[in-house]
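In this note's numbering, the protein residues as written are 1 to 404.
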């Protein structure tokens, strides 16, 4: 009976959102939250419930074949894998499918663009041109309390934060060869493409950006961290993983984020060795850099940067997990030379394996590149907001990192 009803409803005409935005903004009294849109060939455009529901001030429950989202005291029940939702005892059609991916729930974009504005007319309205769902109070959109403060942005951040974005490799240093990248792209090309997108996403969120490179040029490995000066809050280096030829090497995929500390696993040591090999392209002597690495690592063990960098790595992993189709390989530590000269919390993001065809698509297709950049930008904002809440201030430059 239910299957027949689902089939009948799924054939009902429902207006879809065209074109599909790369990301959505959820604007409520809690501030603005940007959410990357993930496109699935079967389920259609999706948004991660783990980010969307808290942004709406709602609650999420999954029981059996149904997922229930409660927003503004109204219950919306989604049939997982089915093009319908239930409200007030009635089943209504959806264009896409609520989908579970690695135990994470994704909801059709239509829930944001059509369902909420229609079912909760007095509470939400959607601006299709801006890709923005706004909570409404009275005749106009709500103004976030944080935005009323003269030194705060609409997303709640204090003004003046600056992040250094480091697209790995460049110039005569191609990085890894990009086995499954199209059109002869190398690691240096992909990191620069995503680096530019990350810059745009951070600027959208009111965060200033310093780029270590904006063209195909070589920046010495031990000079990159120095771009994160006393006005810099965080250092984010972008890279692409790869494996040497061995049985099954093309099957390995996933994303991972590193902070600077002694490697604890053989795989982390492998990544450090791979990335540190770039020092051979430096004009300056590599001896001092390598000789000083042990000292820097020991110094960092006593430094607040270690804890802050680890937390930033965890948040990057969490946000990337919402848009990356590969497995989450975790936040890890390793003796990465590029991070040694950054005197602020610093991470190196391995965006995927160029030796895996699925990861190669994630890192080179425009839509997924945009999603990756937006996810990392959201992680940066989440970290800065969290730090401000923990310290009661955005002034981290004189302590361990972020600026006022």
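Don't be surprised by glycine CBs; every beta carbon is placed ideally from N, CA and C.
- Residue pairing for residue 260: DSSP places it in a beta bridge opposite 334.
- Restricting attention to 257, 345, 362 and 370, the CA atom closest to the CA of residue 329 is found in 257.
- Our two residues, residue 81 and residue 51, have alpha carbons roughly 20 Å apart in a direct line.
- Segment contact: the region 94-102 against the region 41-60, three or more CB-CB distances shorter than 8 Å; contact assigned.
- Secondary structure of residue 151 (DSSP, three-state): coil.
- Minimum Cα-Cα distance from residue 377 among the listed residues 185, 236, 266 and 182 corresponds to 236.
- Closest by C-alpha distance to residue 66, out of 55, 79 and 182, is 79.
- Look at residue 235 here: in three-state DSSP terms it is strand.
- In this structure residue 222 is in contact with residue 282, their Cβ atoms being roughly 7 Å apart against a cut-off of 8 Å.
- The closest CA to that of residue 228, considering only 216, 245, 210 and 260, is found on 210.
- Only buried fits residue 191, as 16 or more other CB atoms lie within 10 angstroms of its CB.
- With fewer than 16 other Cβ atoms inside 10 Å of its own Cβ, residue 172 counts as exposed.
- Residue burial annotation: residue 251 is exposed, with fewer than 16 other C-beta atoms found within 10 angstroms of its C-beta.
- Taken through DSSP and simplified to helix, strand or coil, residue 379 comes out as helix.
- When the beta-carbon positions are compared, residue 315 and residue 157 stay at least 8 Å from each other.
- In the three-state reduction of the DSSP assignment, residue 82 falls in the coil class, being assigned neither a helical nor a strand state.
- Under the three-state reduction of DSSP, residue 356 is assigned to coil, being neither helix nor strand.
- Under the Cβ criterion (8 Å, minimum of three pairs), the region 354-362 counts as touching the region 174-186.
- Ranked by Cα distance from residue 73, the options 200, 58 and 346 are led by 58.
- DSSP lists 165 as the beta-bridge partner residues of residue 211.
- Using a C-beta cut-off of 8 Å, the region 260-270 makes contact with the region 325-344, since at least three inter-stretch Cβ pairs fall below that distance.
- Restricting attention to 270, 207 and 112, the CA atom closest to the CA of residue 379 is found in 207.
- Taking C-beta atoms as the reference points, residue 62 and residue 76 fail to come closer than 8 Å.
- Residue 275 and residue 238 have their alpha carbons spaced roughly 11 Å apart.
- Assigned with DSSP and collapsed to three states, residue 28 falls in strand.
- Here residue 31 really is in contact with residue 155; their C-beta atoms are around 5 Å apart, less than 8 Å.
- For residue 347, DSSP records a beta bridge to 236.
- Nearest neighbour of residue 278 by Cα position, chosen from 349, 103 and 170, turns out to be 170.
- The C-beta of residue 186 has 16 or more other C-beta atoms within 10 Å across all chains shown, which makes the residue buried.
- Nearest Cα to residue 244 within the set 273, 233, 224 and 260: 273.
- Looking from the CA of residue 194, the closest CA among 352, 383, 41 and 388 belongs to 352.
- Assigned with DSSP and collapsed to three states, residue 194 falls in helix.
- Annotation: the continuous beta strand (DSSP E) that includes residue 125 extends over 124-127.
- Sequence-distant Cβ neighbours of residue 226 in its own chain, meaning closer than 7 Å and more than five residues away, are 341.
- Nearest in C-alpha terms to residue 280, of all of 36, 175 and 103, is 175.
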